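Peer 1: Which chain is which? The protein sequence lines are R and C, in order.
Just so we're aligned: 155 in my numbering is position 155 of the first sequence, and the numbers increase by one with no gaps anywhere.
Just so we're aligned: 71 in my numbering is position 71 of the second sequence, and the numbers increase by one with no gaps anywhere.
Ideal Cβ positions, reconstructed from N, Cα and C, are used throughout, including at glycine.
These figures come from a predicted structure and were not determined experimentally.
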Amino acid sequence: MILFSIILLILAILGAPLFTIIATSAMLGFQSNDTSLLTVPLEFMSIAQVPVLTAIPLFTFAGYLLSECEAPQRLVRVTRALFGWMPGGLAIVCLVVCALFTAFTGASGVTIIALGAILYPALVQDGYSDRFTLGLVTSSGSLGLLFAPSLPLILYGVVAQVSIDDLFRAGIVPGILMIIALSMYSMWQARGIHRREVVAAIREAIWELPLPIVVLGGIYSGFFAVSEAAAITALYVFVAEVFINREIALRDLPRIIRESMVLVGAILMILGMSLASTYYMIDMEIPQKLLALVGELFSSQVTFLILLLIFLLILGAILDIFSAIALVVPLILPIASTFGVNQVHLGIVFLAAMELGYLTPPVGLNLFISSYRFEKPILHVYSATFPFLLILLLSVILIAFWPGLSLWLV
Amino acid sequence: MKTALDKLERAGQSAETAAIVVIFTAMVLVAVFQIVNRELLGSTFAIPWAHEFARYCVLWLAMVGAIAACRENKHIRIDAISHVVSGTVAAWIRVVVDTFAALVCFAVGWQSWLLVHEQLSWGEFVIGAVPLWLAHALVPLAFFLMGYRFAVRASSLLYDLAKGKVAEEPE
Chain R
1 MILFSIILLI LAILGAPLFT IIATSAMLGF QSNDTSLLTV PLEFMSIAQV
51 PVLTAIPLFT FAGYLLSECE APQRLVRVTR ALFGWMPGGL AIVCLVVCAL
101 FTAFTGASGV TIIALGAILY PALVQDGYSD RFTLGLVTSS GSLGLLFAPS
151 LPLILYGVVA QVSIDDLFRA GIVPGILMII ALSMYSMWQA RGIHRREVVA
201 AIREAIWELP LPIVVLGGIY SGFFAVSEAA AITALYVFVA EVFINREIAL
251 RDLPRIIRES MVLVGAILMI LGMSLASTYY MIDMEIPQKL LALVGELFSS
301 QVTFLILLLI FLLILGAILD IFSAIALVVP LILPIASTFG VNQVHLGIVF
351 LAAMELGYLT PPVGLNLFIS SYRFEKPILH VYSATFPFLL ILLLSVILIA
401 FWPGLSLWLV
Chain C
1 MKTALDKLER AGQSAETAAI VVIFTAMVLV AVFQIVNREL LGSTFAIPWA
51 HEFARYCVLW LAMVGAIAAC RENKHIRIDA ISHVVSGTVA AWIRVVVDTF
101 AALVCFAVGW QSWLLVHEQL SWGEFVIGAV PLWLAHALVP LAFFLMGYRF
151 AVRASSLLYD LAKGKVAEEP E
């Protein structure tokens, strides 16, 4: 069994699709356990039994459609009109826009590619140093995962069986905290740079501005269920961009739907297989055994959270956020509740730490995307991003040890 | 031969896109109709199977999306190794991992097939009047197609390696 695990680990590192790794470990587990292998497809098919999952294809489609049209440019103009007058205004614009955009598109690589191209030259033109700009754009790309309707939040809710409404509420204050922390750093960096933008942008973006209100207002007020808000968002974005703004031709639509569903397929393969492997782990009482093994290490909630953070930072640097949620959350959830960590709070800490993982060298995903997108050497990206990484690390520590931040609005 | 295969590939791709568009559109329409019906029409035309339909749409979209993800090589992997090695070593590694992926997909496909076969005799119905096995039938099919896709990729790469046709940046 240990030999098999090592082989699987090597195959995973060599780049085998992660769902095949999870599937194999589930099948090997059931085999050794004398459980029917039919449990694997049976658990996999229970994808069709989880009501909130319907939100995933709908929000993914809306996000892809938004990134295909000129919504990013309009979003930049509006936020610039709102924040541009402040010292460090454009940097703050960058942070806010990227966070909003990531909340809708989920995978933060998209943000760097869609928005970076607009923001990078604008920032340099406004007098920010190249190095600061690179660091800012790279780290902005992972902000926003804590805001509704981000896919990782929904996925955490599904895996941990926690109310998604609660998670959406819980993410607000910690998410804003991270933005404020980076904004303050930007203001300090931007001493002496002043710009005043003429307010004329709001009219242009008139059709996109109601989106956060529809989504957040609808969900937070209890008017819509999450999956309903997702359907409304998908339809709304479709009508606004195809029929009103006319930036997407109808003939492009099949391609966009296909591209967004490719991502959905990739995520749900991992989720479906991890449903099977989780079934095995719970059947074998692996979380309990793990707790017995590591329980000695933690004497209190504080030591548990410290070790959890270290673990998550490493995890976030090597594993993508969807696989990490599907694989690791079922394992740490029982341990966390033993130490009295609230499940909603755990979700926020988990995602906040994973956000950092995107920026952690050597393999943080955003570092590579940024290096590729802006044609900068990877080592240069590492060092430019480092101050931002430190600030975000402090925020994550604050979020972890101050549960009230997350649970305030729940 | 080559052109016939190309045609099959293109037909497959169009079929994926068509299936995705149809399922997705149906899902959005049914979901929106439910809300309109509840909020504006006072629940006059409630569709009893609407929620179940939407959930099965997710499963179907996941399956077709996963087939398409295979074609476009977009399944989630740890992508660290490609930053370290390149050329023939990288190609060999990909042959190994794609062969492994193909085997796993065939194994899961086979188990899914057995399960669906068993569900034939259960006589259960979902979404109003759809037999349970039929709603699940896409799962084994999709895993077999994914296995086929991974196998094709591995073998064509192996062929290129044998011919010495692997450049510094494969594919």
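Can you tell me where the alpha helix (DSSP H) with Arg251/R in it begins and where it stops?
Peer 2: Here Arg251/R belongs to no alpha helix (DSSP H), and DSSP marks it neither H nor E.
Peer 1: Could you tell me which of Ser155/C, Ala142/C and Gly109/C sits nearest to Met27/R, measuring between CA atoms?
Peer 2: It is Gly109/C.
Peer 1: For Leu158/C, collect the residues of the same chain with a Cβ closer than 6 Å to its Cβ; drop the 5 residues on either side in sequence, then sort them by chain order.
Peer 2: Correct list, in chain order: Val95.
Peer 1: Is Asn366/R buried or exposed, if buried means 16 or more other CB atoms sit within 10 Å of its CB?
Peer 2: Buried is the call here.
Peer 1: From Ile92/R, Leu119/R and Phe223/R, pick the residue whose C-alpha is nearest to that of Met178/R; which is it?
Peer 2: When only C-alpha atoms are compared, the closest one is Ile92/R.
Peer 1: In chain order, what residues of the segment 36-47 of chain R put their CB closer than 8 Å to some CB of chain C?
Peer 2: Per Cβ criterion, the list reads Leu37, Leu38, Val40, Pro41, Leu42, Phe44, Met45 and Ile47.
Peer 1: Val97/C by DSSP, collapsed to three states: which one?
Peer 2: In the structure shown, Val97/C sits in a helix (DSSP, three-state: H, G or I).
Peer 1: Leaving aside the five residues before and after Ala234/R along the sequence, list all residues of the same chain whose C-beta is less than 7 Å from its C-beta, in chain order.
Peer 2: Result list for Ala234/R: Leu58, Phe61 and Ala62, in chain order.
Peer 1: Please report the straight-line C-alpha distance between Val50/R and Arg55/C, rounded to a whole angstrom.
Peer 2: Computed Cα separation, rounded: 7 Å.
Peer 1: What does a CB cutoff of less than 7 Å around Phe150/C pick up in its chain, not counting 5 residues either side in sequence?
Peer 2: Cβ neighbours of Phe150/C beyond the five flanking positions: Cys70, Asp98, Ala101, Ala102 and Cys105.
Peer 1: Show which residues of chain R have a CB atom less than 8 Å away from the CB atom of Thr3/C.
Peer 2: Per Cβ cutoff of 8 Å: no residues; Thr3/C is ~24 Å from chain R at best.
Peer 1: To the nearest angstrom, how far is it from the Cα of Asn37/C to the Cα of Gly316/R?
Peer 2: Using only the alpha carbons, I get a separation of about 43 Å.
Peer 1: Using DSSP's beta-bridge definition, name the partner residues of Phe125/C.
Peer 2: According to DSSP, Phe125/C bridges with Pro131/C.
Peer 1: When you compare the CB of Pro254/R with every CB in chain D, is at least one pair closer than 8 Å?
Peer 2: Absent from the structure is chain D; the protein chains it does hold are R and C.
Peer 1: Grab the span of the alpha helix (DSSP H) containing Gly171/R for me, first residue to last.
Peer 2: Taken as a continuous stretch (DSSP letters only), the alpha helix (DSSP H) holding Gly171/R covers Ile164 to Gln189.
Peer 1: Interface residues of chain C around Phe411/R at Cβ under 9 Å?
Peer 2: Only positions 1 to 410 of chain R appear in this structure, which leaves residue 411/R out of reach.
Peer 1: So, is the C-beta of Ala23/R closer than 8 Å to a C-beta in chain C?
Peer 2: Yes, Ala23/R lies at the interface with chain C (some Cβ there is under 8 Å from its Cβ).
Peer 1: Would you check if the distance between the CB atom of Tyr279/R and the CB atom of Ala190/R is smaller than 8 Å?
Peer 2: No, the pair does not count as a contact, with Cβ atoms beyond the cut-off.
Peer 1: Could you tell me whether any Cβ in chain R is nearer than 8 Å to the Cβ of Ala107/C?
Peer 2: Yes, Ala107/C lies at the interface with chain R (some Cβ there is under 8 Å from its Cβ).
Peer 1: With DSSP as the reference, label Ile47/C as helix, strand or coil.
Peer 2: In the structure shown, Ile47/C sits in coil (DSSP, three-state: anything other than H, G, I, E or B).
Peer 1: Could you tell me the alpha carbon to alpha carbon distance between Gly123/C and Val166/C, rounded to whole angstroms?
Peer 2: Going by the C-alpha atoms only, they are around 52 Å apart.
Peer 1: At a CB distance below 9 Å, what residues from the segment 42-61 of chain C approach chain R? Give them in sequence order.
Peer 2: Taking 9 Å as the Cβ-Cβ cut-off against chain R, the residues of the segment 42-61 of chain C that qualify are His51, Glu52, Ala54, Arg55, Tyr56, Cys57, Val58, Leu59, Trp60 and Leu61.
Peer 1: Can you list the alpha helix (DSSP H) stretches of 4 or more residues lying completely in the segment 42-90 of chain C, in chain order?
Peer 2: The segment 42-90 of chain C contains these whole alpha helix (DSSP H) runs: 50-71.
Peer 1: For Leu115/C, does the count of other Cβ atoms within 10 angstroms reach 16, so buried, or fall short, so exposed?
Peer 2: Classification of Leu115/C: buried, given that the 10 Å Cβ count is 16 or more.
Peer 1: Under 8 Å between the Cβ atoms of Ile127/C and Gly15/R?
Peer 2: The answer is no: Cβ separation not under 8 Å.
Peer 1: What does the Cβ neighbour count give for Ala66/C, buried or exposed, with the cut at 16 atoms within 10 Å?
Peer 2: Counting Cβ neighbours within 10 Å, Ala66/C comes out buried, since at least 16 surround it.
Peer 1: Using a Cβ-Cβ cut-off of 6 Å (strictly less than) and excluding sequence neighbours within five positions of Leu327/R, which residues of its own chain qualify?
Peer 2: For Leu327/R, where only same-chain residues beyond five positions count, the Cβ hits under 6 Å are Ser274.
Peer 1: How long is the line joining the alpha carbons of Met86/R and Ile180/R, rounded to whole angstroms?
Peer 2: Cα to Cα, the separation comes out at about 13 Å.
Peer 1: So, is Ala285/R buried or exposed, given that buried needs 16 or more other C-beta atoms within 10 angstroms?
Peer 2: Here residue 285/R is Glu; the residue named in the question, Ala, does not match the sequence. The residue in question, Glu285/R, is exposed, as its Cβ has fewer than 16 Cβ neighbours within 10 Å.
Peer 1: Could you pull the start and end residues of the alpha helix (DSSP H) that Ala160/R belongs to?
Peer 2: Counting along the chain, the alpha helix (DSSP H) containing Ala160/R begins and ends at Leu151 to Ala160.
Peer 1: Drop a sphere of 10 angstroms on the beta-carbon of Leu29/C, count the other beta-carbons inside from all chains shown, and report buried for 16 or more, exposed for fewer.
Peer 2: Result: exposed.
Peer 1: Can you tell me whether Asp79/C is buried or exposed? The criterion is at least 16 other CB atoms within 10 Å of its CB, across all chains shown.
Peer 2: It is exposed - the Cβ of Asp79/C has fewer than 16 other Cβ atoms within 10 Å.
Peer 1: Since Ile56/R contacts Leu151/R with CB under 8 Å, what's their CB separation in whole angstroms?
Peer 2: About 6 Å separates the two Cβ atoms, so the contact holds.
Peer 1: Which residues, taken in chain order from the segment 15-28 of chain C, show a beta carbon closer than 9 Å to some beta carbon of chain R?
Peer 2: Against chain R - using a Cβ distance shorter than 9 Å - the residues of the segment 15-28 of chain C are Glu16, Thr17, Ala18, Ile20, Val21, Ile23, Phe24, Thr25, Met27 and Val28.
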